[in-house]
Structure formats: C-alpha cells, structure tokens
Amino acid sequence: MPITTNLAELAFAHWQYEEELERQKQIVRARAYHEGDQPTFLTERAKTFLGVDELQDEFCMNVVRGVVEAVTERMMVAGFKCTDEASALWAWATWQADRVDAKQNDVHEDTVRDGESFVIVSWDDDERRLRIIPHNRYTDPEVEGTGEGCKATYANDDPNQPMLFASKRWVESLGNGQARQRLTLYYPERIEKYFHNGSDWTPLDAETLIAEGDVIENEDGTQSPIWPRPWVDDAGEPLGIPVVHFRNPKMRPEAWDAIPLQNAINKALIDLLAAGDVTAFRVFVALGFLPTTDGQAPAADQSNWLDIEPGQTIGTTRSAQEADFKAIDGAPLDPLLNLLEKLVLWLAIITRTPVSRYQFSGAVASADTLKQQIESLLAKVGLRHTLFGDAWEDVMTIARRLQNHFGGGVDGALLDETATFETLWKNAEKRDRLQELQGYQIEKDSLDVPLKTLWAKAGYKPDEIEQMWKQREEEQRSRLKIALTDTVDGLTQ
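Next comes the structure, spelled out in structure tokens:
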C-alpha cells in the first residue's frame, strides 16, 4: 500500500520548526545583549586609544542589563504559606537545605532575561533528599545557542493548557575527550532517556540506565535496566512532570524593546569618544616657522617635535609680521553628551525602568518624584510575583509528592498532598522599617489581620514564626497562671 504524504501536516511541521528557530534566535540575542556582547564598529584610531584588541569589535555601554536587574533585585521569596502546617515547615526547610534562596535569583534573572526558564525537581537517592536545579531554555547551535537546556511542549503550542511533556538536552562528558548528546523526555507517568548515535536519537544504553538508577529488582536480587522509566506512585498514579516552566509575560525577553536604543547608545558613545579624540583638545598652530627643536622639518620618528610644557618660551627670529603662534580651542562635547543622556532616558521610559537608576546629574530626586518613577516598576514586579509565585508553588507541590514517594514523607509521616502552597515575597518597595511596622500595627488593630500573617509579611521565616508563636503562647499561659493565682489569693483572704 503506497504511503501518502499529508502536505498540510508537512507545511505545519515546517512552520513550527521555523517558529522555534526564531524563538531561539530571540533568546540568543537577548542573552548576548544582557552580557554586553553587542555589535559595535570601531575605527582603527578608536581601537588604539580604547585599548581594544584589533580583532574585537565590541565596545558598549551596557544599559539593557539594568532593565532586567531592576526587576529581579526586588524579587526575593520570603517563605511559603500552606493550609497544612507540616507542609509549610517542610517547604522552607527544603528550600534552605538545597540553597534555593541563592539559586532563586538565577531563576528569576534567566526568566526575565530570556522570557522563560525551568526548574527540575529530582530525588537524590544517595543523599536521601530533594534537588531543585535551575535550567535555561534550550537553544540550538544552529542559531549560535549553547545546545543545552529545557523546552516545554503544550497542546496546540498554548502554554495556558496543561503541559504534555518537557525535554532536556545537554552534552555529556564521557572522559578522555569524548562526549555525546543526551536527551530526556519527562512525561507525567514516564521518563524516556536518549543519546544521539550520530544520526538519530536512540534509547539510552543499559549500563548508563543502571548507573542512573533506572532499574527493576529481580527475584534473585539482581537489577535489570528499565526503559522508559515508570514515573508513578505506589498506587500506579502519575507523579507528574518534574519540570516547572517559569514564564515572563508573553514569554518575552524583558529588555527586548531596549535593544534598538542600546545600539543607538553605543553609536552615540563611540561618536562622543571619537569627537573627544579629534576635536576636544586645544590644537597649536605655528605660522611662518617650523616648531621643532632644530628648526628642521618634523621627523617621522617625532624625535625633533616640540613639546609644549608649562612655563616654556617659544621664539623665532622672524618678525611678528612673518610669524605667528596661536591655539585653536577644542569644540564642546555637550551636544553629544546631551544626546547620550536623552537616549538612556528614552530607554528607561520605554522599558518602564526608573530614570533615577540612570541619573546623570548630581541633583537628588525628591521622595515624591522617586515614588512616581518606581510605580511602573512595582507594577511589573507585582505581576511577576504572581507568575513566578505560581511556578514556585508548582515546584514545591511536585517536590512534596517526591518527598512522600521516595522519602516516605517527614519523620515517617506523609505530607498532605491536597494542601495548597502560597508563595510569600519580600516587600518589593524599599520602605522605612518603622513605617512598615506601623503599617502592620494598623492592619492588626483595624483589620484584625492574624498575627502569623503579619509576621510572614514582615519577612520572618516559617520556623521563626512557629518559634515566636510558641513563645507567645507560653507567655500568655504564664500571665494567665499569675492572674488566677492572684484571684485565688484574694478570695481566700
């Protein structure tokens, strides 16, 4: 029976391939600009006075990095709230044990910079604990990418629908200068591992599967490799995809709109430096005589050139009508400086980054002005608190499931997997501490906000909150005991 080709399906597959490459090109470009790898073209003279290698054409004033960091430096997770107290304490203990408090900035910066990034949750059977590892978005060497990273696949390419599977690709070092490409596909109920044999992806070899723990126990006590690896709990229910997708709004690099202006800033900076080199210095002009030490024509090796020094007297035997020596002052650089400042200002405006971050003048903005400048930034941060907070809650949810399945829960007791997490963030608005505390007191007195909630908002960790609550209960019991004792003594007198 002849094989029929659906041209519509082929066209759609080709379109998807081209769209994916365009997405990867966007990410590669965003990363390059973030790191200051920005194309600029210098003259040979500019390369000389800037001390730039002749083979290097990159010289920039990197402003786009600040657009990303203005957001991420205000994004710090303070803890997790959960309807199950044991889960809340476990979540923060896990967070600290795996040093996620330090890793979180990498996750946030990569996501804001690229538009998306990933966190993989795994169980370390040797250490008997969870691992929470950040990963970048995959970019192919075909578009000058790293050839490593993760990618999420959704139904109809719609990230608002459930994730179908996630993939991770990387280059594995085999020692002795050898390496191979690896690919792992994560499904809700199974994990498939592959390596590239030079022409195609093939299931991972038995030796590596055994080394990575993808085995089944035989009746005689030996182990056999298993592929794909079942990813289910003791009841046969899927454990879920252990890859969490962090997404910037629309999966768009934060500084993407700033790239054209970044190019203009680099051009203006080079023009400023070139103008300074050519026209900003005073030029001396000698008429009617040769300003050399020996009165001869200037030597090619500059050996007889006249050096102008403070207090030096320059003379000639020619008359004032026949000779002259004067200076031409340099041209002011203010127009180019103003242009550079304007370009940076426009970049800050279109990216909603506080202008005060790039303040050129010595004037200090008033508190009201600064507040107005950061309102848009705080709105951006607030949206990402929601998006990234949801992702961190997904991380802790899958981590808790793995803790129950592989670790037997905590101290022999399974954690409640139906309880929901809520990510708590440190206050993005840098305020006076006294003002913060006064605000919390008003919330407590006027709105009857629970004390534990206020402590969490103030930045206290779950274990600290628990300790303070126990101490508060002990103090209340002590005061009650004293009050009862005084009452009894009064009645017996």
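Numbering (numbering that gives the first Met the number 0), first residue to last: 0 to 492.
Each residue gets a CB set at the ideal place from its N, CA and C atoms; glycine is no exception.
Since the structure is predicted, the reported quantities are computational estimates derived from the model, not experimental observations.
- Task: List the endpoints of the continuous alpha helix (DSSP H) containing residue 349.
- Result: 333–349
- Message: Between the alpha carbons of residue 431 and residue 104, how many angstroms are there, rounded?
- Response: At residue 431 the pLDDT is 49, less than 50, meaning the model places this residue with poor confidence; the figure from the coordinates comes in the next sentence. So the alpha carbons of these two residues sit roughly 24 Å apart.
- Message: Taking 9 Å as the threshold (C-beta atoms), are residue 193 and residue 165 in contact?
- Response: no
- Just confirm the distance between the C-beta atoms of residue 335 and residue 289, as a whole number of angstroms; I'd bet it's less than 8 Å. With a Cβ gap of about 35 Å, residue 335 and residue 289 do not count as contacting.
- Message: Just to check my reading of the structure: residue 208 and residue 226 have Cβ atoms closer than 8 Å, yes? What is that Cβ distance to the nearest angstrom?
- Response: 6 Å
- Which residues in the same chain as residue 296 place their Cβ atom closer than 7 Å to its Cβ, once the five residues preceding and following it in sequence are excluded? 289
- Just mark residue 136 as buried or exposed, buried being the case when its beta carbon has 16 or more other beta carbons within 10 Å. buried
- Spell out the partners DSSP gives residue 149 in its beta bridges. 136, 167
- Query: Taking the runs of the beta strand (DSSP E) that are 3 residues or longer, which of them lie wholly in the segment 70–137?
  - Reply: 76–81, 115–123, 128–134
- Task: Let me know the secondary structure DSSP gives residue 276 once reduced to three states.
- Result: helix
- Query: On the three-state DSSP scale, how would you describe residue 431?
  - Reply: Residue confidence for residue 431 is low, a pLDDT of 49 falling below 50, so the modelled location carries little weight; the figure read from the coordinates is stated next. Note: residue 431 maps to coil in three-state DSSP.
- Cα separation between residue 126 and residue 200? 31 Å
- Using 8 Å as the threshold, is the segment 92–103 in touch with the segment 449–458, meaning 3 or more CB pairs across them? no
- Item | Integer-rounded CB distance, given that residue 22 should sit under 8 Å from residue 158 | At roughly 12 Å, the Cβ-Cβ gap does not stay under 8 Å, so residue 158 and residue 22 are not in contact.
- Message: Do residue 426 and residue 497 count as a contact pair if the criterion is CB distance below 9 Å?
- Response: There is no way to answer for residue 497, as the model of the chain reaches only from 0 to 492.
- Would you mind sorting residue 376 into buried or exposed? The rule is 16 or more other CB atoms within 10 Å of its CB. buried
- If we count the other Cβ atoms within 10 Å of its Cβ and call it buried at 16 or more, is residue 420 buried or exposed? buried
- Determine the contact status of residue 92 and residue 462, defining contact as a CB-CB distance below 9 Å. yes
- Query: Helix, strand or coil: which one does DSSP assign to residue 232?
  - Reply: coil
- Quick one: what's got a C-beta closer than 7 Å to residue 332's C-beta in the same chain, skipping five residues either side? 271, 274, 275, 279
- Message: Could you compute how far the alpha carbon of residue 399 sits from the alpha carbon of residue 170?
- Response: 30 Å
- With a threshold of 16 other CB atoms inside 10 Å of the CB of residue 320, please say whether the residue is buried or exposed. exposed
- Message: Using the Cβ count rule (16 or more neighbours within 10 Å means buried), how would you classify residue 509?
- Response: The structure shown has nothing for residue 509, since the chain only spans 0 to 492.
- Message: If the criterion is Cβ atoms closer than 9 Å, does the pair residue 111 and residue 351 meet it?
- Response: no
- Which whole-angstrom value is the C-beta distance of residue 70 and residue 379, which I expect to be below 8 Å? 6 Å
- Query: If you draw a straight line from the C-alpha of residue 393 to the C-alpha of residue 256, how long is it?
  - Reply: 30 Å
- Query: Taking C-alpha atoms, which residue in 106, 424, 342, 29 lies nearest to residue 142?
  - Reply: 29
- Item | Proximity to residue 68 [Cα-Cα], best of 113, 87, 26, 316 | 113
- Message: When you compare the CB positions of residue 251 and residue 65, do they come within less than 9 Å of one another, or not?
- Response: no
- Task: Can you say whether residue 183 is buried or exposed, counting buried as having 16 or more other CB atoms within 10 angstroms of its CB?
- Result: buried
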